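Colleague: So the protein lines, in turn, are chains A and B. For the first sequence, my numbering assigns the number 1 to the initial residue and increments by one for each residue that follows. For the second sequence, my numbering assigns the number 326 to the initial residue and increments by one for each residue that follows. The structure follows.
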Amino acid sequence: MQGVPLMTAIPVIIDCDPGIDDALALLAAFVSPELRILGITPVSGNQPLDTTVRNALQICELGGRTDVPVYAGCHRPMVREPIRGHFHGSTGLGKTVLPTPTKSAESRLAVDFLIDALSAAAASGERITLCCLGPLTNLAVALRTNPAIAAGVERVVMMGGAYREPGNRTMTSEFNVLADPHAAHVVFSSGLPIVALALDATHQVMLKPEHVARFAAASGRMSHVLGELMAFWDRNDVARYGSRGGPLHDPLVVAFLLAPQLFETRRARLFVEHESELCMGQTIADWFGKSGLTPNADVVTRVDAEGVIAFFLERLSRYAERAVA
Amino acid sequence: MIRVIIDADPGVDDAAAILLALASPEVDVLGLSIVSGNVPLTDAVANACKVVGVSGRRNLPIHAGASAPLIRDQIFGKYAAIGTFADALVPPTDVVPEVEHAVRFLVRTLRAAASAGDPITICAIGPMTNLALALVHHPEVAQGIARIVTMGGTFRTPGHRVPWAEFNVLADPHAADVVYRSGVPIVAIPLDLTTQALFTHEHFTSFRERGGAAGAALGHLFTAFDRSDVARYGRPGGPIHDAATLAWLIRPELFESRAATVGVQLTGEMLGATYADYDGVLHRASNAQVATRIDEAGFITLLTERIAFYGDRAAGSLAPGVPI
Chain A
1 MQGVPLMTAI
11 PVIIDCDPGI
21 DDALALLAAF
31 VSPELRILGI
41 TPVSGNQPLD
51 TTVRNALQIC
61 ELGGRTDVPV
71 YAGCHRPMVR
81 EPIRGHFHGS
91 TGLGKTVLPT
101 PTKSAESRLA
111 VDFLIDALSA
121 AAASGERITL
131 CCLGPLTNLA
141 VALRTNPAIA
151 AGVERVVMMG
161 GAYREPGNRT
171 MTSEFNVLAD
181 PHAAHVVFSS
191 GLPIVALALD
201 ATHQVMLKPE
211 HVARFAAASG
221 RMSHVLGELM
231 AFWDRNDVAR
241 YGSRGGPLHD
251 PLVVAFLLAP
261 QLFETRRARL
271 FVEHESELCM
281 GQTIADWFGK
291 SGLTPNADVV
301 TRVDAEGVIA
311 FFLERLSRYA
321 ERAVA
Chain B
326 MIRVIIDADP
336 GVDDAAAILL
346 ALASPEVDVL
356 GLSIVSGNVP
366 LTDAVANACK
376 VVGVSGRRNL
386 PIHAGASAPL
396 IRDQIFGKYA
406 AIGTFADALV
416 PPTDVVPEVE
426 HAVRFLVRTL
436 RAAASAGDPI
446 TICAIGPMTN
456 LALALVHHPE
466 VAQGIARIVT
476 MGGTFRTPGH
486 RVPWAEFNVL
496 ADPHAADVVY
506 RSGVPIVAIP
516 LDLTTQALFT
526 HEHFTSFRER
536 GGAAGAALGH
546 LFTAFDRSDV
556 ARYGRPGGPI
566 HDAATLAWLI
576 RPELFESRAA
586 TVGVQLTGEM
596 LGATYADYDG
606 VLHRASNAQV
616 ATRIDEAGFI
626 TLLTERIAFY
636 GDRAAGSLAP
646 GVPI
């Protein structure tokens with residue numbers, strides 16, 4: 001079975017707010033035996049918590065990975081009032097209707113799960129990679145509750161921020177960071193090593209209508225749902241993005257872990273504005289040591305877009321193989 | 326009996342608040358959740374254990390909580406040099422904290438209270454970091470809180486660390502903001518209120534002479550860390566801020582209060598400043614009942630009599646928990 005991890009698999013926790021692009025990231029991760037998914041921790045973000053939890057459960061069932069536990073995360077940002085995504089439809093999954101999940105979330109909350117798993121990882125030395133696809137509330141609350149868990153984190157691979165690229169929700173700010181800038185501040189100032197897949201990277205990988213047809217054709221039993229989700233993702237805004245299609249934000253986290261050769265990075269220290277209303281959620285990269293602080297992040301600056309599309313085509317085609325097998 | 330969790334950063338006046346609570350049959354203290362504030366977390370936990378040790382309530386659960394504020398750089402109290410209470414002031418104890426973290430304790434206990442329809446009162450007498458973290462965890466946490474009685478903020482009286490803010494809010498303004506916007510009913514006991522009741526050496530002597538081991542410890546602490554400031558308060562004596570939250574629960578008739586919209590400044594130089602809109606000029610629903618006046622003599626009598634309970638109990642004239 002494709003979902004069975006390899007002995008050398010990377011232990012990961014996927015922290016997310018599904019979300020169409022989160023769904024694509026999860027579906028790719030589910031058929032990647034290089035990853036050992038310890039849990040999924042949905043958070044309030046694109047949609048309210050109840051919806052992101054339900055969507056995570058539905059996506060687990062869709063992907064045939066009911067073995068992966070889902071832990072409900074924080075129901076609101078650390079300090080600010082919640083904001084919601086604009087591009088995911090009223091359910092968070094566009095027009096796609098998935099069956100009511102039979103699986104339910106674990107009784108343990110996401111923050112407790114993160115603290116327990118990362119404490120155990122700190123003790124065993126088998127550190128965990130955190131794949132962060134939504135606002136960083138769960139991780140920030142866990143770090144503030146129990147700072148010692150930092151020792152259990154291998155690195156944070158996050159989709160969020162906008163460094164040289166303008167924002168997507170406000171002039172300055174990308175949605176995930178704007179939705180909880182205080183949480184981003186906690187993570188950026190935690191000392192944890194970070195890989196930042198910001199709009200600088202994700203706007204280089206547009207999922208175009210011609211790609212959607214190829215994904216649908218390749219993915220077997222998943223073809224209808226994938227085609228529907230991906231078609232809904234089309235921003236249809238050539239002036240903004242240079243082409244039709246939608247930026248492949250969250251899935252890039254999975255691609256970065258499994259195909260790092262497709263990405264170029266640059267070291268920087270990361271900061272986030274959490275005081276100014278005008279620039280709330282703006283992320284700043286110190287490329288040249290102006291802050292006097294050591295770099296804490298690899299910021300992705302270039303992506304091989306065709307390579308990434310080919311990577312996901314290959315991964316998602318595994319659903320066709322699984323149906324046959 | 327009012328079921329109470331005390332969220333504290335002991336701290337000398339936290340010790341007075343905890344000992345007042347544990348001597349009062351009107352309140353049932355379910356546990357202490359400890360936060361860094363007046364002193365670093367490890368000292369605050371050690372002090373909580375020492376205070377519980379002298380109180381005789383050795384089975385009271387003590388949970389260590391957040392060691393740093395949510396967002397701002399950490400600051401400690403004016404009397405941070407206290408650290409862990411010296412053994413000469415408060416004797417050593419073998420009371421130890423629980424393994425469970427304070428935030429997990431709060432989330433677990435308050436969610437259970439919400440499910441049971443029997444919400445719990447929180448006395449928040451330190452920076453409100455633990456409470457803010459718990460409130461972000463799950464919506465049932467707010468539903469499990471009957472009200473938060475907090476010593477914090479100042480509206481007309483200058484602060485001690487900076488003129489525009491009271492320490493507990495200044496130390497974690499973001500946490501205070503989360504609590505004030507949580508929708509949970511709040512009773513705010515600001516500096517304006519606590520500085521109306523001044524305790525002098527006469528009262529500390531009473532603690533020492535009448536209050537058994539607990540009273541002796543409290544008397545030693547207040548004598549060692551004298552808050553008297555005639556220039557500031559206009560007469561001898563010093564406030565015991567945190568104990569006023571318990572007094573409000575035990576003897577609400579000692580207080581006058583007004584509904585207000587309370588807010589916290591989260592940016593700029595005046596970080597941690599608090600306002601109370603009593604007159605509705607902001608056109609926002611009020612979120613707190615602000616205590617504005619206290620019957621000084623009544624509060625002093627309450628605290629000195631309740632501390633004397635520890636001496637009476639030691640002398641065998643009272644069983645524990647018997648109303649005074």
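Quick reminder that beta carbons are idealized off the backbone N, C-alpha and C, glycines included. Note that the coordinates shown come from a computational prediction; the quantities given were computed from them, not determined experimentally.
Using a cut-off of 7 Å between C-beta atoms, extract the partners of Val503 (chain B) located in chain A.
Modeller: Val79
Colleague: How should Pro641 (chain B) be labelled, buried or exposed, when 16 other C-beta atoms within 10 angstroms of its C-beta is the threshold for buried?
Modeller: Note that residue 641 (chain B) is Gly in the sequence shown here, rather than Pro. Classification of Gly641 (chain B): exposed, given that the 10 Å Cβ count is below 16.
Colleague: I'd like to know whether the C-beta of His586 (chain B) is nearer than 7 Å to at least one C-beta of chain A.
Modeller: Reading the sequence as shown, one finds Thr at residue 586 (chain B) and not His. No - not a single Cβ of chain A is within 7 Å of the one on Thr586 (chain B).
Colleague: Buried or exposed for Asn236 (chain A), going by 16 or more other Cβ atoms inside 10 Å?
Modeller: Asn236 (chain A) is exposed by the Cβ-count criterion.
Colleague: Between Asn363 (chain B) and Phe492 (chain B), what straight-line distance do the alpha-carbon atoms span, to the nearest angstrom?
Modeller: 8 Å
Colleague: Leaving out five residues on either side along the sequence, give the residues of the same chain with a beta carbon under 7 Å from the beta carbon of Phe232 (chain A).
Modeller: Same-chain partners within the cutoff: Ile20, Gly89, Gly94 and Lys95.
Colleague: With C-beta atoms as the reference, is Ser380 (chain B) less than 7 Å away from Arg631 (chain B)?
Modeller: no
Colleague: List the residues of chain B whose Cβ lies closer than 8 Å to the Cβ of Glu275 (chain A), in chain order.
Modeller: Leu591, Thr592 and Gly593
Colleague: Who does Gly356 (chain B) pair with in a DSSP beta bridge?
Modeller: B:Ile330
Colleague: Please state the DSSP three-state secondary structure of Val647 (chain B).
Modeller: At Val647 (chain B), the pLDDT of 47 sits below 50, so the modelled position is not reliable and the matter cannot be decided from this model.
Colleague: Of all the alpha helix (DSSP H) runs that stay within the bounds of the segment 376-457 of chain B, which reach a length of 4 or more residues?
Modeller: Look at the segment 376-457 of chain B and you find these whole runs of alpha helix (DSSP H), each 4 residues long or longer: 427-441.
Colleague: What is the residue span of the alpha helix (DSSP H) that Ile343 (chain B) lies within?
Modeller: Val337 to Leu347
Colleague: Indicate whether at least one CB of chain A lies closer than 7 Å to the CB of Pro452 (chain B).
Modeller: no
Colleague: Starting from Pro335 (chain B), find everything on chain A with Cβ-Cβ shorter than 8 Å and list it in chain order.
Modeller: None at all; the shortest Cβ gap to chain A is about 20 Å.
Colleague: Are the CB atoms of Arg76 (chain A) and Pro69 (chain A) nearer to each other than 7 Å?
Modeller: Taking 7 Å as the Cβ cut-off, Arg76 (chain A) and Pro69 (chain A) do not qualify as a contacting pair.
Colleague: Would you say Ser317 (chain A) lies against chain B (beta-carbon separation less than 7 Å)?
Modeller: False, the Cβ-Cβ gap to chain B never drops below 7 Å.
Colleague: Would Ala352 (chain A) and Val299 (chain A) be called neighbours here (beta carbons separated by less than 7 Å)?
Modeller: Summary: the structure shown does not reach residue 352 (chain A), with chain A confined to residues 1 through 325, and so no result is reported for it.
Colleague: Determine contact between the segment 436-447 of chain B and the segment 329-340 of chain B, defined as no fewer than three beta-carbon pairs at a distance below 8 Å.
Modeller: yes
Colleague: Helix, strand or coil for Pro577 (chain B)? Go by DSSP, reduced to three states.
Modeller: helix
Colleague: Looking at the strands, I want to know which residues DSSP matches up with Ile40 (chain A).
Modeller: A:Ile14 and A:Val70
Colleague: Let's test the definition: count the other Cβ atoms within 10 Å of the Cβ of Lys375 (chain B) and tell me whether it reaches 16, buried, or not, exposed.
Modeller: buried
Colleague: With 16 as the cutoff for other CB atoms within 10 Å, does His203 (chain A) come out buried or exposed?
Modeller: buried
Colleague: Between the C-alpha atoms of Leu143 (chain A) and Ala198 (chain A), what's the straight-line distance to the nearest angstrom?
Modeller: 22 Å
Colleague: In terms of residue numbering, what span does the alpha helix (DSSP H) encompassing Leu26 (chain A) cover?
Modeller: Ile20 to Phe30
Colleague: Quick check on Gln47 (chain A): buried or exposed, where buried means 16 or more other Cβ atoms within 10 Å of its Cβ?
Modeller: buried
Colleague: Should Gln282 (chain A) and Ser173 (chain A) be called a contact, given that it needs their Cβ atoms to be closer than 7 Å?
Modeller: Yes, the Cβ-Cβ distance between Gln282 (chain A) and Ser173 (chain A) is below 7 Å.
Colleague: Chain A beta carbons: is any one of them nearer than 7 Å to that of Ile649 (chain B)?
Modeller: Its pLDDT being 41, under 50, Ile649 (chain B) is placed unreliably by the model, and nothing is read from it.
Colleague: With respect to the beta strand (DSSP E) encompassing Ile619 (chain B), which residues constitute its N-terminal and C-terminal limits?
Modeller: Ala613 to Ile619
Colleague: Is the Cβ of Leu6 (chain A) closer than 7 Å to any Cβ of chain B?
Modeller: Interface annotation, Leu6 (chain A): not in contact with chain B, CB-CB separation never under 7 Å.
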